[in-house]
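Taking it in order: structure first as structure tokens, then the write-up.
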Amino acid sequence: MNIVLTGLRGSGKTKIGMLISLHLGWNFVDTDKEIEQEEGKTIKEMVELNGWEYFREKEQAVAEKTAKLDKTVISTGGGLIVDKKNEEFLKKNGKIIYLHEKPEICAQHIANSKNRPPLTDKTSTEEEMKHLYEQRNNRYRESADIVFNRTDSKE
Numbered sequence: 000m001n002i003v004l005t006g007l008r009g010s011g012k013t014k015i016g017m018l019i020s021l022h023l024g025w026n027f028v029d030t031d032k033e034i035e036q037e038e039g040k041t042i043k044e045m046v047e048l049n050g051w052e053y054f055r056e057k058e059q060a061v062a063e064k065t066a067k068l069d070k071t072v073i074s075t076g077g078g079l080i081v082d083k084k085n086e087e088f089l090k091k092n093g094k095i096i097y098l099h100e101k102p103e104i105c106a107q108h109i110a111n112s113k114n115r116p117p118l119t120d121k122t123s124t125e126e127e128m129k130h131l132y133e134q135r136n137n138r139y140r141e142s143a144d145i146v147f148n149r150t151d152s153k154e
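Residue numbering for the sequence shown follows numbering that gives the first Met the number 0, starting at 0 and increasing by one per position.
Following this line, the structure appears as structure tokens:
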């Protein structure tokens, strides 16, 4: 059995995932970091060189691979669960938890990150996060076994 964390960029998936894995004594996998290690490039470099479709193919391969693990907390990239095939892989041996956070808060968390390629044509990080939230919130909720509402939380 695995615990799979989904949500927007900056929602705390990696930080919370690491804490859960330490508490349970389980392994921890960040799918974005796995892809970067396998490719020897940052996501930003991959997208700039090969485009989003290439990255999404790599993401699906990592989703399929990590779904076969056991006693692992898996932090997914923000767009991974949008593809229903990835959800199918991860639900075979895991419970999906959607870390729901306000897009403005997510934007604050990632404001200074230089290695995250833009996902939309929005000019500000906050605008982009609001746009992604509108696009993905329902999908995150549909795929989740549990919705953990972080909206009013403080880190």
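Just so it is clear, CB atoms sit at the ideal spot from N, CA and C, and this is done for glycine as well. Being a predicted model, the structure only gives us computed values, none of them experimental.
Given a threshold of 16 other Cβ atoms within 10 Å of its Cβ, counted over all protein chains shown, does residue i qualify as buried or as exposed?
{"i": "Leu48", "result": "exposed"}
{"i": "Thr65", "result": "buried"}
{"i": "Ser123", "result": "exposed"}
{"i": "Gly6", "result": "buried"}
{"i": "Tyr53", "result": "exposed"}
Pick out whichever of the options has its Cα sitting closest to the Cα of residue i.
{"i": "Pro102", "options": "Glu126, Trp25 and Glu52", "result": "Glu126"}
{"i": "Lys70", "options": "Lys129, Arg8, His130 and Val3", "result": "Val3"}
{"i": "Pro73", "options": "Arg149, Met0, Phe147 and Asn148", "result": "Checking the sequence shown, residue 73 turns out to be Ile, not Pro. That would be Met0, whose Cα lies nearest to the Cα of Ile73."}
{"i": "Phe27", "options": "Lys12, Asn85, Glu52 and Tyr97", "result": "Lys12"}
{"i": "Tyr208", "options": "Ile95, Met128 and Gln107", "result": "With the chain covering 0 to 154 only, the question about residue 208 has no answer from this structure."}
{"i": "Thr30", "options": "Leu68, Ala143 and Gly24", "result": "Leu68"}
Under DSSP, the beta strand (DSSP E) around residue i begins and ends at which residues?
{"i": "Asp29", "result": "Asn26 to Asp29"}
Report the three-state DSSP secondary structure of residue i (helix, strand or coil).
{"i": "Gly84", "result": "Contrary to the premise, residue 84 reads as Lys rather than Gly in this sequence. Helix at Lys84."}
{"i": "Ser142", "result": "helix"}
{"i": "Asn136", "result": "helix"}
{"i": "Gly93", "result": "strand"}
{"i": "Leu23", "result": "helix"}
{"i": "Ile2", "result": "strand"}
Which residue comes first and which comes last in the alpha helix (DSSP H) that contains residue i?
{"i": "Thr71", "result": "That residue, Thr71, is in no alpha helix (DSSP H); its beta strand (DSSP E) goes Thr71 to Ser74."}
{"i": "Asn49", "result": "Ile42 to Ala66"}
{"i": "Glu100", "result": "Neither: Glu100 is in no alpha helix (DSSP H) and is coded neither H nor E."}
Review point. Is there contact here, the segment 29-36 with the segment 91-98, by at least three beta-carbon pairs under 8 Å?
Key: no
Review point. With contact counted as at least three CB pairs below 8 Å, one residue from each stretch, are the segment 10-19 and the segment 51-67 in contact?
Key: no
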